[in-house]
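Residue numbers (my numbering): 43 to 583.
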């Protein structure tokens with residue numbers, strides 16, 4: 043609520059009273075323009091009544107105390123002179139001055155001054171340019187009198203109020219308007235047609251303010267109580283958000299610890315699986331080796347059986363030979379007995395002489411020796427062969443018995459290895475099941491962790507909004523678009539993103555979305571627009 047108070051010195055000095063009135067008018071005009079523009083929510087154009095009223099008030103403020111210059115046509119007060127000084131103090135303003143001079147429809151200095159004000163407002167540098175101007179009072183003294191508004195403290199106050207206009211986006215068409223003859227036509231659309239008369243306007247405004255002071259005071263008390271209540275609620279909400287943030291951080295740490303433990307367990311299970319696979323490969327190799335040994339043992343057994351069958355045949359042959367030898371021994375004995383009997387009878391009958399008997403007996407002995415010698419040699423040879431075969435067979439049989447015993451032991455080992463193999467297979471299946479369950483649990487934990495991260499980001503943004511919001515980048519700190527890096531100019535104007543606070547051109551910030559700090563859709567850049575849409579899609583609640 044604005045209050046007007048006039049000191050006695052101001053009442054005695056007409057110039058001081060005019061400065062005070064112009065300051066109050068500027069305050070009302072700037073405040074009304076900012077409030078109406080924010081509620082309007084769109085880019086302002088030349089036909090917007092509060093904007094027209096603002097330009098008229100600024101024209102009166104700049105004209106206050108302006109020296110009258112003589113010319114061929116008479117006396118003239120020109121605003122264009124002091125405004126031309128800005129391009130000497132700030133090289134960035136040279137573009138505006140050059141654009142004003144190049145406009146074909148402007149013929150008077152007043153029209154150029156009005157065009158310069160509109161271009162500076164669109165560029166959001168009006169406050170900066172006028173601040174540079176009022177700091178050079180030595181230059182302004184050539185254009186203004188000593189008690190002019192631009193040379194006094196009121197001018198610095200008005201320049202400070204103009205900083206608030208940087209939040210307004212305006213798109214004013216300067217080329218097609220007749221700014222030379224435009225005086226107060228814009229104010230005719232306003233309900234207050236007496237704004238040109240400064241004293242009457244301020245006196246009427248003071249009377250209205252005195253009548254509404256009590257109501258406004260009561261409304262201010264209610265607003266104060268409401269603001270205090272909202273402050274308590276915001277503090278409580280901030281405390282709740284901080285507590286929730288602490289809980290989320292602790293949950294995140296617990297989940298990270300659980301993830302590490304699960305990863306460690308998975309690595310251990312994988313090492314166990316690798317060891318089991320190696321044991322399985324070794325068991326398979328042992329099975330193949332045992333199978334090959336069994337095949338070779340079967341072949342050796344067949345060979346041994348063939349040798350045994352051949353040895354049995356030899357044994358049968360030897361047995362038959364021995365039987366024949368026994369029969370030949372019996373025959374020889376019979377022959378010897380017959381011969382002896384014959385000799386005996388011959389001796390008894392004296393049929394032969396002693397010499398013939400001696401010859402017969404020697405013949406008998408020779409026959410017996412020949413018969414006995416041949417038979418004994420054959421028998422000794424056959425017996426020696428039989429002993430050798432028996433020894434060979436016995437040694438082969440012992441070896442076969444040892445081989446059979448070894449094969450039986452290996453068969454038992456194979457049976458045990460098969461049981462171990464089946465047990466390892468079952469354990470492998472169980473480990474695979476456990477591994478799949480743990481991988482599924484990891485996926486669920488990953489999804490929960492991503493949701494928790496999004497919640498933490500939302501809580502951080504809400505906390506950031508409670509603590510004062512994002513850093514609002516100043517207009518003079520940005521000469522290029524943050525996204526496309528194109529240089530700003532009169533045709534490419536600056537726009538603030540209401541989410542990150544950076545400055546972009548119109549094409550890179552032509553989006554509107556509601557934010558936690560503003561339920562109504564406001565301007566956001568393309569990057570914040572994509573990020574907010576992704577966050578809304580991932581967390582629809």
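The beta-carbon is built from N, C-alpha and C at its ideal position, and this holds for glycine as well.
Query: Beta-carbon spacing of residue 137, residue 489 below 9 angstroms; Result: no
Query: Check whether residue 166 and residue 524 have beta carbons under 9 angstroms apart; Result: no
Query: Cβ-Cβ distance between residue 175 and residue 192 below 9 angstroms; Result: yes
Query: Endpoints, beta strand (DSSP E) assigned at residue 565; Result: 560 to 566
Query: When 177, 562, 565 and 201 are compared against residue 168, the one with the closest alpha-carbon; Result: 201
Query: Expected contact under 8 angstroms - CB spacing of residue 290 and residue 494 to nearest Å; Result: 6 angstroms
Query: At least three beta-carbon pairs within less than 8 angstroms, the stretch 255 to 273 to the stretch 438 to 452; Result: no
Query: Residue 546 - DSSP class collapsed to helix/strand/coil; Result: strand
Query: 6 angstroms Cβ shell around residue 179 - same chain, five flanking residues per side excluded; Result: 193
Query: Rounded straight-line distance, which links the Cα of residue 189 to that of residue 126; Result: 21 angstroms
Query: Classification of residue 197 by the beta-carbon crowding that lies within 10 angstroms, buried from 16 upward; Result: buried
Query: Pairwise C-alpha distance: residue 98 and residue 21; Result: In the structure as shown, the chain starts at 43 and stops at 583, and residue 21 therefore has no counterpart that could be examined.
Query: Residues bridged to residue 529 [DSSP beta-bridge criterion]; Result: 522
Query: Beta-bridge pairing of residue 553 - partner residues as DSSP gives them; Result: 566
Query: Nearest-angstrom Cα separation, counted from residue 272 out to residue 520; Result: 35 angstroms
Query: CA nearest to the CA of residue 124, picked from 306, 445 and 105; Result: 105
Query: C-beta contact flag for residue 557 and residue 564 at 9 angstroms; Result: yes
Query: Three CB pairs or more closer than 8 angstroms across the stretch 359 to 370 and the stretch 454 to 470; Result: no
Query: Any non-hydrogen atom of the ligand SAH closer than 8 angstroms to residue 86 Cβ; Result: The ligand content of the structure shown is nil, which means the ligand SAH is not present either.
Query: Contact under 9 angstroms by Cβ, residue 215 with residue 87; Result: yes
Query: Touching by the beta-carbon criterion (3+ pairs, under 8 angstroms), the stretch 469 to 478 and the stretch 306 to 324; Result: yes
Query: Beta-carbon spacing of residue 212, residue 93 below 9 angstroms; Result: yes
Query: Alpha-carbon to alpha-carbon, residue 331 and residue 442; Result: 20 angstroms
Query: Outcome for residue 427 when other beta-carbon atoms lying within 10 angstroms are tallied against a minimum of 16; Result: exposed
Query: Buried or exposed (CB count within 10 angstroms, at least 16 for buried), residue 103; Result: buried
Query: 9 angstroms Cβ cutoff met for residue 303 and residue 483; Result: no
Query: For residue 571, the three-state DSSP class (helix, strand or coil); Result: helix
Query: Distance between residue 539 and residue 547 (C-alpha atoms, nearest Å); Result: 10 angstroms
Query: Contacts around residue 435, its chain only, beta-carbon distance under 6 angstroms, and the 5 residues preceding and following it disregarded; Result: 353
Query: Rounded straight-line distance, which links the Cα of residue 280 to that of residue 298; Result: 26 angstroms
Query: Residue 293 versus residue 284 - alpha carbon distance; Result: 14 angstroms
Query: is_contact[residue 470, chain D] using C-beta, thresh 9 angstroms; Result: The structure shown contains no chain D, having only a single protein chain.
Query: Same chain, Cβ closer than 6 angstroms to residue 173, neighbours up to 5 away in sequence not counted; Result: 201
Query: Counterpart residues of residue 212 in DSSP-defined beta bridges; Result: 86
Query: Segments of 4+ residues assigned as alpha helix (DSSP H) that fall wholly inside the stretch 129 to 177; Result: 136 to 144, 151 to 164 and 168 to 177
Query: The alpha helix (DSSP H) enclosing residue 220, as first and last residue numbers; Result: Residue 220 -> no alpha helix (DSSP H), and no H or E assigned at all.
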